[in-house]
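Residue 408 in the working numbering sits at position 224 of the sequence shown; the count goes up by one each step and never skips.
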Amino acid sequence: MPKPLIDSALIARFAAITGAGNALTAPADIAPHLIELRGLYQGESPLVLRPGSTAEVSAILRLAYEEDIAVVPQGGNTGLVGGQSPRPGKGEIVLSLSRMNRVRSLDPVGQTMIAEAGLVLAQAQAAAADQGLLFPLSLGSEGSCQIGGNLSSNAGGTAVLAYGNMRQLCLGLEVVLPDGEIWDGLRALKKDNTGYDLRDLFIGAEGTLGVITAAVLKLFPAPRGHETIFAGVDTPDTALRLFRLAQDYCGPSLTGFELMPRIGIEFTTRHIEGARDPLGGPHPWYVLIDISSGQSQDAARAMLEGLFVAADAQGLIRDAAAAETEAQRQAFWRLRESMSMAQRPEGGSIKHDVSVPVAKVPEFLARADRAVLQAMPAARIVAFGHMGDGNIHYNISQPLGDDTPAFLARWKEMNRIVHAIVLELNGSISAEHGIGQLKRDELAAIRSPVEMALMRRIKQAFDPRGIMNPGKVVA
């Protein structure tokens, strides 16, 4: 088991690997790496290391392995389940990948990019766009989250409907194992059926099996036509019917379908500077639809018009606005992507990142609302998310005038209520945020003994000394 403490002599040995300037020991320098976005976990660490190469990562892990020092890999520190946070009193060191931020190569013919783990997602998107290509992963945190963290959490985002999550967007990996050995799996092959798929073990493992240092990312042709629609609808069931219609009319050109409640729009327009409701009056629910055409803008517009005519004939849309400019399109998406942040000024918020079969989304929302309001009648429910893939961020804002600590003390109670319904519908308690510390014990309670035993055996096989991000995912 890892040692709980690390002395100054050992710190000096680690610092010799990265150089003193990239071995942070001052509390003020370490502090930004210890607090996660929601403030749920306040970590402790005596040392933050910022390697500049895979060789340096290898040397750090080799030394940590020899000395039984626990290592917590960290990307942009945007995770929401405490997977990137060092635990208090454990002497865990933080391994920040932020300096490893190069695009090593980009192949426009094969439509692949080799990106280092510390590359910011927005920079990966820009590098692809410079070649007339698209890297489709899109998140609200894309200006700060990093590719390594995206892979380690198997990030999803708003384009999963058309392109899949990070597991589908990655062809190969470079990984440093807990003992410092380097696995070079940077193969840009779309067909490679040679044994166990080691890549998929590390994607979504949250740094518990090794450190991802680089990846081969899949790119796509940039759309030649784009339409974005913001529409008001009556109910989630209406939104589901509209989604099915959009699938029929747009097929693979349907690249996004988001669901939002009225209260979420009110919070966002109230607290996010420059945000405004695109429609003339309030509606109970809203959808944001993205259509991308590989042919032309005219083709995208034709799909939009056909969808509008059919939706109007079926009475599915109460009102709608189509983005006429790129600025309008971004404004529409800003409403959706700012919805979590807009809850903060309203007080405490109990979060759920869940998924259910797409056809079950309306049932889940109705049942969860009834159960939550029965337990907490004044709760303000802000349920929104990626309806096209069944991922709903079911967030509960505290009742007006409620005591925030008292409200947040009911976090586990609310989790039990919501997650019980999710599981009854054959859903998942973590759609895209991961397990980390927040859901580790709950994972063990809901997975079968066989599944948990297999996961623990994999962990033991890769990390027999338990130095890689201990206390996360599996105990």
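We put the CB at the ideal spot given by N, CA and C, even for glycine. Everything numeric in this text was worked out from a predicted model, so none of it was measured.
Check the Cα spacing between N285 and each of V657, D586, Y433, I396: the tightest is with I396. Per DSSP, H570 lies in no alpha helix (DSSP H) segment; the continuous beta strand (DSSP E) that holds it begins and ends at 564-570. Taken through DSSP and simplified to helix, strand or coil, S192 comes out as helix. K596 sits exposed, since fewer than 16 C-beta atoms from the chains shown fall within 10 Å of its C-beta. Looking from the CA of I619, the closest CA among Q307, E635, K656 belongs to K656. Residue environment for K374: exposed (fewer than 16 other C-beta atoms within 10 angstroms of its C-beta).
In terms of Cβ geometry, A308 and L281 do not form a close pair [threshold 8 Å].
Residue range 503-506 is occupied by the beta strand (DSSP E) that includes A505. G416 has Y470, D503 as its beta-bridge partners, per DSSP.
Every beta strand (DSSP E) stretch that sits fully inside the stretch 205-287 and reaches 3 residues is listed by chain position as 255-258, 277-280.
Distance from L426 to V471 at the Cβ level is roughly 6 Å; contact confirmed, criterion being Cβ atoms closer than 8 Å. In the three-state scheme derived from DSSP, where H, G and I count as helix and E and B as strand, K535 is classed as coil. With respect to the 8 Å criterion, L321 and A339 are classified as neighbours on the basis of their beta carbons. Rounded to the nearest whole angstrom, the C-alpha separation of G341 and P468 is 24 Å. Boundaries of the alpha helix (DSSP H) around M636: 633-646. CA-CA distance, R528 to D368, rounds to 42 Å. Contact between I277 and I190 is confirmed by a C-beta separation of about 7 Å, below the 8 Å threshold.
By a beta-carbon distance limit of 8 Å, G388 contacts R351. Their separation comes to about 7 Å. Straight-line measurement puts the Cα of P407 at about 45 Å from the Cα of A212. Note that the C-beta distance between L290 and R222 is not below 8 Å. Around the beta-carbon of Y380, fewer than 16 other beta-carbon atoms lie within 10 Å, marking it exposed. Taking a cut-off of 8 Å on C-beta distances, the stretch 543-553 touches the stretch 411-430, as three or more cross pairs fall below it. Residue state for K656 is assigned as coil, using DSSP reduced to three classes. Here the alpha carbon of Q644 sits roughly 17 Å from the alpha carbon of A248. Partner residues in the beta bridge of G356, as assigned by DSSP, are V400. E250 is the residue among R234, E250, T378 whose C-alpha sits nearest the C-alpha of I651. By the CB criterion at 8 Å, L353 and G572 fall outside the cutoff.
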